[in-house]
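I have placed the structure first, in the form of structure tokens, so that the comments after it can refer back to it.
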Amino acid sequence: MTHDPVVFLPGMMCDARLFTQQLTDLSRDTAVTTAPITGGDRVEEIASSLLDVLPRRFALAGLSMGGIVAMEILRRAPDRVSRIALMDTNPLAETPQSATAYEPFIIKLRSGSLADAVQSFLLPDYLAPGTGRAAIIAHLTEMAENIGADAIVRQVRALQRRRDYQSVLRRCKVPTLVLCGRHDGLTPVKRHSFMADLIPYASLSVIEGAGHLPPMEAPEATTAALRAWLEQPFVLQKRVDA
Ligand SMILES: O=C(O)CCC(=O)CC(=O)O
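Residues in the sequence shown are numbered consecutively from 1, following UniProt numbering.
Following this line, the structure appears as structure tokens:
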């Protein structure tokens, strides 16, 4: 198991509760923490403000927008990141069209109820099918209310202006987990295979029964994949996909 502390970065609209099961399990034998991704309206600014307060060296695990901030941290401070887990995320820059697609969400965030805005963001294929969806959506809405509409608008602005991280991934030399829910319709499995192909020795883990939020939808399987990643020796090994 790594001796470095593990830092979790949640996705847009989410707080530490996204990782409740992982924090509870891993904290039995590892120093774990979460950090907010609300410190700016550019990914670069958020990463820079986190680097001011994070430990000298750490293992980094980010989901979705948290994964994008993690890639920016890796770009800025590769010597401080001892291993990285990129979950349900996207290394590509926004196109003008995809950046514009966020505008109706911003209007909802500014004018309507936060619960309506969250619902409008959740396309039918955001979460895995099944009876647990309603509870997950309720948790997501609670987390969004905690973050607040103004901070979420700033997160969206940061996403709209994000850069492309493919070259950062090609240069990545640390043990890397690329993880994705089988049913993630927002950042699909094929994008994660592509990411794992870019990183010379990454392992790819596809979590069954989960969509965009595997830490909540399939918590035990997600934690097992994270434990395997934390136990992976630093010596680079040939890629094995799960
Ligand atoms: O749209 C994308 O490519 C990523 C979506 C995202 O980062 C929002 C989130 O954190 O769930």
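Glycine included, C-beta positions come from ideal geometry on N, C-alpha and C.
Subject >> Extent of the continuous beta strand (DSSP E) run through Ala59 >> reply: Looking at the DSSP string, the run of the beta strand (DSSP E) that includes Ala59 is 58 to 63.
**OP:** Output the distance between the C-alpha atoms of Leu213 and Ala144, rounded to the nearest integer angstrom.
**Re:** Take the alpha-carbon of Leu213 and the one of Ala144: they are about 14 Å apart.
Original post:
Which residue from Met195, Met12, Phe234, Asn146 puts its Cα closest to that of Arg170?
Top reply: The option with the nearest alpha carbon to Arg170 is Met195.
Subject >> Chain-ordered residues, beta carbon under 5 Å from a heavy atom of ligand 1 >> reply: Taking each Cβ in turn, the ones that pass are Gly11, Met12, Ser64, Met65, Asn90.
Original post:
Cα-Cα, which of Leu127, Pro91, Ile147 is closest to Cys172?
Top reply: Looking from the CA of Cys172, the closest CA among Leu127, Pro91, Ile147 belongs to Pro91.
**OP:** Ignoring anything shorter than 3 residues or poking outside the segment 67 to 118, list the beta strand (DSSP E) runs there in chain order.
**Re:** Taking only runs of at least 3 residues, the beta strand (DSSP E) segments lying wholly in the segment 67 to 118 are 81 to 87.
Original post:
Once you ignore the five residues that flank Ser49 on each side, which residues in its own chain have a CB closer than 8 Å to its CB?
Top reply: Result list for Ser49: Gly39, Gly40, in chain order.
Subject >> Cβ distance (whole Å) where Met71 is taken to contact Tyr165 below 8 Å >> reply: Rounded to the nearest angstrom, the Cβ distance from Met71 to Tyr165 is 4 Å, consistent with a contact under 8 Å.
Original post:
Is DSSP giving Ile199 helix, strand or coil here?
Top reply: Here Ile199 sits in coil by DSSP.
Original post:
Do we get a CB-CB distance below 8 Å when we pair Glu44 with the residues of chain B?
Top reply: Among the chains in the structure shown there is no chain B, since it carries only a single protein chain.
**OP:** Go ahead and pull the three-state DSSP assignment for Phe234.
**Re:** DSSP places Phe234 in coil when its eight states are reduced to three.
Original post:
Looking at C-beta atoms only, is the number of pairs between the segment 102 to 118 and the segment 183 to 200 that lie closer than 8 Å three or more?
Top reply: Cβ pair count under 8 Å is below three, so no.
Original post:
Start and end of the beta strand (DSSP E) containing Leu177?
Top reply: Where Leu177 is concerned, the enclosing beta strand (DSSP E) stretches over 176 to 181.
**OP:** Please name the residue in Gln232, Pro233, Arg227, Phe234 whose C-alpha comes closest to that of Arg28.
**Re:** Nearest option by C-alpha distance: Arg227.
**OP:** Let me know if Arg162 comes out buried or exposed under the rule of 16 or more other beta-carbons within 10 Å of its beta-carbon.
**Re:** By the C-beta density criterion, Arg162 is buried, having at least 16 other C-beta atoms within 10 angstroms.
**OP:** If I'm right that Thr89 touches Ser120 with Cβ under 8 Å, what's the distance once you round it to whole angstroms?
**Re:** In fact, because the Cβ distance is near 21 Å, the residues do not count as touching under 8 Å.
**OP:** Report the three-state DSSP secondary structure of Ser27 (helix, strand or coil).
**Re:** Ser27 falls in the coil class under three-state DSSP.
Original post:
Out of curiosity, what's the CA-to-CA distance linking Ala151 and Ala16?
Top reply: Cα-Cα distance, rounded: 15 Å.
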